[in-house]
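Below is one structure, written out as structure tokens; comments come after it.
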Amino acid sequence: MSDPGRGYGQILREFEISPKKKLGQHFMIDPGLLQGVAALMLPDGPEWVALELGAGIGTLTRELCRRAGWVYAVEMDRDLGAPSARMTGHLSNLTWIWGDALLVADLTGHNLRKEHPANPLALVGNLPYYITSELLYRSLIPRTPWSRLAFVVQEEVGERMIGRGGTRDFGRLSLWCQYRAEISLEKRLPPGCFVPKPDVGSCVVTLKMKESFPLSEEEEQFLDAISRSVFSRRRKTLANGLADVIPDKGARVEALESAGIDPSQRPEDLGVGGFVALAKALWPLREARRN
Numbered sequence: 004m005s006d007p008g009r010g011y012g013q014i015l016r017e018f019e020i021s022p023k024k025k026l027g028q029h030f031m032i033d034p035g036l037l038q039g040v041a042a043l044m045l046p047d048g049p050e051w052v053a054l055e056l057g058a059g060i061g062t063l064t065r066e067l068c069r070r071a072g073w074v075y076a077v078e079m080d081r082d083l084g085a086p087s088a089r090m091t092g093h094l095s096n097l098t099w100i101w102g103d104a105l106l107v108a109d110l111t112g113h114n115l116r117k118e119h120p121a122n123p124l125a126l127v128g129n130l131p132y133y134i135t136s137e138l139l140y141r142s143l144i145p146r147t148p149w150s151r152l153a154f155v156v157q158e159e160v161g162e163r164m165i166g167r168g169g170t171r172d173f174g175r176l177s178l179w180c181q182y183r184a185e186i187s188l189e190k191r192l193p194p195g196c197f198v199p200k201p202d203v204g205s206c207v208v209t210l211k212m213k214e215s216f217p218l219s220e221e222e223e224q225f226l227d228a229i230s231r232s233v234f235s236r237r238r239k240t241l242a243n244g245l246a247d248v249i250p251d252k253g254a255r256v257e258a259l260e261s262a263g264i265d266p267s268q269r270p271e272d273l274g275v276g277g278f279v280a281l282a283k284a285l286w287p288l289r290e291a292r293r294n
């Protein structure tokens with residue numbers, strides 16, 4: 004039997020594991036890198052409970068288990084069952100969950116909160132690029148009990164997550180990341196950090212979740228409708244991009260102007276505060292349509 008601490012690359016070779024391109028598999032195997040990424044992702048303390056997405060063969064999982072009280076590791080590729088068992092079978096604070104992260108993972112954290120009512124919860128992982136945006140929206144737009152989100156993502160996605168109003172990087176993803184959390188791009192990871200090497204760079208992004216918000220939950224649903232509408236028509240002005248939300252152009256232009264928002268602006272010009280003001284300005288018109 005091989006020692007669980009042996010070289011991760013040797014484990015891959017021993018089990019003849021070839022990363023699957025269709026699943027977006029890119030493994031981190033350098034021990035020093037894994038320790039550093041885990042330290043950025045998760046504070047060190049037995050009170051923490053982490054849900055790890057895209058756990059692979061468990062290389063990052065091992066480091067997370069050294070820092071957290073309990074880790075739930077989600078992986079859909081059952082071919083990784085044997086090497087992950089070799090890597091992590093000795094850990095007593097780990098539960099494996101096999102399935103698609105978008106389908107089986109508790110992305111809202113509510114089930115995890117029932118199991119761990121008093122613990123801070125973290126959603127973390129080295130995310131397959133093809134599910135990143137959808138996963139982020141599912142874990143950010145509804146209110147959740149997460150205290151912290153931390154992911155390895157494609158560098159271009161990380162830039163959009165931290166994008167500021169007035170720049171072309173600002174979009175729907177930027178809005179929701181910054182509305183919900185204090186976000187930081189912690190570390191850039193060149194392609195050579197992964198096996199196999201991806202075509203682009205990656206980065207570690209952390210989100211410390213806020214405890215209060217300027218909009219009610221119902222207003223946040225309206226904000227989501229607004230953001231979907233205007234960012235699907237980025238080249239249109241706000242006055243025209245909001246047609247799906249408020250059909251009466253005269254009414255929406257008047258509401259924008261009364262809130263000090265220039266109807267000729269484009270959505271990336273606003274920033275998070277501007278979108279909050281936009282939602283509040285249009286809310287009475289939305290309520291009038293419903294009545």
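So the sequence shown is numbered by the working numbering: it starts at 4 and just counts up by one. All C-beta atoms, glycine included, are put in the ideal place defined by N, C-alpha and C. On a predicted model such as this, the values are computed, not experimentally measured, just so you know.
Can the beta-carbon of residue i be found less than 8 angstroms from the beta-carbon of residue j?
i                 : j                 : result
lysine 211        : glutamate 189     : no
alanine 262       : alanine 246       : no
arginine 175      : phenylalanine 234 : yes
glutamate 274     : glycine 169       : Note that residue 274 is glycine in the sequence shown, not glutamate. Cβ distance < 8 angstroms, so glycine 274 and glycine 169 count as in contact.
alanine 41        : glutamate 78      : no
methionine 44     : leucine 37        : no
glycine 244       : arginine 231      : no
threonine 111     : serine 142        : yes
proline 123       : tryptophan 51     : yes
alanine 85        : isoleucine 100    : no
leucine 152       : leucine 54        : no
phenylalanine 278 : leucine 139       : no
glutamate 158     : glycine 204       : yes
isoleucine 165    : aspartate 227     : no
Quick one: grab the DSSP three-state call for residue i.
i                 : result
glutamate 223     : helix
asparagine 129    : strand
glycine 48        : strand
valine 248        : coil
glutamate 185     : strand
lysine 24         : helix
isoleucine 100    : strand
glutamine 268     : coil
arginine 70       : helix
cysteine 31       : Residue identity check: residue 31 is methionine in the sequence provided, not cysteine. It is coil, neither helix nor strand.
glutamate 78      : strand
threonine 135     : helix
glutamate 55      : strand
phenylalanine 154 : strand
leucine 218       : coil
lysine 211        : strand
valine 198        : strand
serine 205        : strand
lysine 239        : coil
arginine 191      : strand
leucine 124       : strand
Taking buried to mean at least 16 other C-beta atoms within 10 Å of its own C-beta, is residue i buried or exposed?
i             : result
histidine 29  : buried
glutamine 181 : buried
proline 131   : buried
proline 120   : exposed
arginine 163  : buried
leucine 106   : exposed
glutamine 13  : exposed
glycine 92    : exposed
valine 127    : buried
proline 270   : buried
glycine 276   : exposed
threonine 64  : buried
threonine 98  : exposed
arginine 16   : exposed
glutamate 118 : exposed
glutamate 223 : buried
Counting only beta-carbon separations shorter than 8 angstroms, does residue i have a partner in chain B?
i             : result
tryptophan 51 : Of the protein chains in this structure there is only one, and it is not chain B.
What residue from the options has the CA that sits closest to residue i's CA?
i             : options                           : result
arginine 183  : Cys196, Glu214 and Phe173         : Glu214
tryptophan 73 : Arg81, Arg89 and Asp47            : Asp47
lysine 239    : Pro266, Gly253 and Asp227         : Pro266
alanine 58    : Pro145, Ala108, His113 and Pro201 : Ala108
threonine 209 : Asp251, Ala125 and Pro201         : Ala125
proline 201   : Glu17, Lys24 and Ser136           : Lys24
arginine 70   : Ser187, Ser95 and Leu83           : Ser95
So, under 8 angstroms CB-CB, residue i and residue j are touching, yes? Tell me the CB distance rounded to an integer number of Å.
i                 : j             : result
phenylalanine 225 : alanine 280   : That pair is no contact at about 13 angstroms.
alanine 104       : leucine 56    : 4 angstroms
arginine 192      : cysteine 206  : Note that residue 192 is leucine in the sequence shown, not arginine. Their Cβ separation, rounded to whole angstroms, is 6 angstroms, which keeps leucine 192 and cysteine 206 in contact under 8 angstroms.
leucine 241       : leucine 259   : 6 angstroms
asparagine 129    : valine 160    : The pair is not a contact, with the Cβ atoms about 13 angstroms apart (cut-off 8 angstroms).
isoleucine 229    : valine 248    : 6 angstroms
arginine 146      : glutamate 220 : 6 angstroms
isoleucine 134    : methionine 90 : The Cβ separation is near 23 angstroms, so there is no contact.
Are there any heavy atoms of the ligand FAD lying less than 7 angstroms away from the beta-carbon of residue i, as far as the coordinates show?
i           : result
leucine 192 : No copy of the ligand FAD occurs in the structure displayed, which carries no ligand at all.
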